[in-house]
Amino acid sequence: MTTQSTATRLVDQAASDLEANRRLQQKLTERITVLQREEALLLDILSLAQQYEGFADPSRLPEQPQDEPGTAATKAKRASAGAEARRATPAKAAATGRPRKAGTKAKARQPLLGDLLMELLGAHEEPRLAQELRDELLAEHPDRNPTPQVVRNTLEALVAKGRVQRHKQQRSVMYTLVVPDSAH
């Protein structure tokens, strides 16, 4: 009896292990599908970036809205839908030399957030907090409403480019415009 119960236990264990493996395979298959979709999206983004690489005028590059609400998943879905629309109308994209979004109207280009922040920093001699810069931006440009995090990220990107200098005072981070050496 003992060998038969051991055999039954082993068969049950093997069956449960097989079922666990099947569930894991299904999850991995779903994850692979998601990763393949993300890869296709990234390849679309890369091809767009390569199209815009030759432009000398950065104002001609498309600007990402800074104050648009939504989660990363929502934005990824919108980008994926845009990529599918581009694939659906290759003749139109080839004729104009660049893809167009369906149903969009031409609108005046807004200045880049980084340029606006640099203008605001240039108007002050002393270092400024990101929150102060955001408040000034909202006062001077009521049509723009970037979140505090977007303002900080933009300032940090300008720091990385060497256009803005960061100053830390205890727990506060302040920013000033970098003045070229030829201006001294």
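So the sequence shown is numbered by the working numbering: it starts at 36 and just counts up by one. Every residue gets a Cβ at the ideal spot worked out from N, C-alpha and C, and that includes glycine.
A direct Cα-to-Cα measurement between Thr41 and Asp52 gives close to 16 Å. Our two residues, Glu161 and Asp170, have alpha carbons roughly 16 Å apart in a direct line. Across the set Leu164, Gly149 and Ala143, the C-alpha of Leu164 shows the shortest separation from the C-alpha of Arg206.
Looking at the backbone, the Cα of Thr68 and that of Arg58 are separated by about 15 Å. Runs of the alpha helix (DSSP H) spanning 4 or more residues and lying entirely within the segment 42-79 do not occur at all. The continuous stretches of alpha helix (DSSP H) do not include Thr182, and DSSP gives it neither H nor E.
Counting only the Cα atoms, Gly149 lies some 7 Å from Leu193. Judged by DSSP in its simplified three-state form, Val199 adopts strand.
Shown here, Arg206 sits in coil according to DSSP, grouped into three states, outside any helix or strand.
In the three-state reduction of the DSSP assignment, Leu164 falls in the strand class.
As computed with DSSP, Leu212 is found in a beta bridge with Val199.
Between Val213 and Arg201, the C-beta spacing is not below 7 Å. Within the same chain, and ignoring the five residues on either side of Leu156 in sequence, the residues whose Cβ sits closer than 8 Å to its Cβ are Arg163, Leu168, Val199, Tyr210, Thr211 and Leu212. Following the DSSP letters along the chain, one finds Leu147 in no alpha helix (DSSP H), marked with neither H nor E. The three-state reading of DSSP puts Glu88 in coil, since its state is none of H, G, I, E or B. Shown here, Ala174 sits in a helix according to DSSP, grouped into three states.
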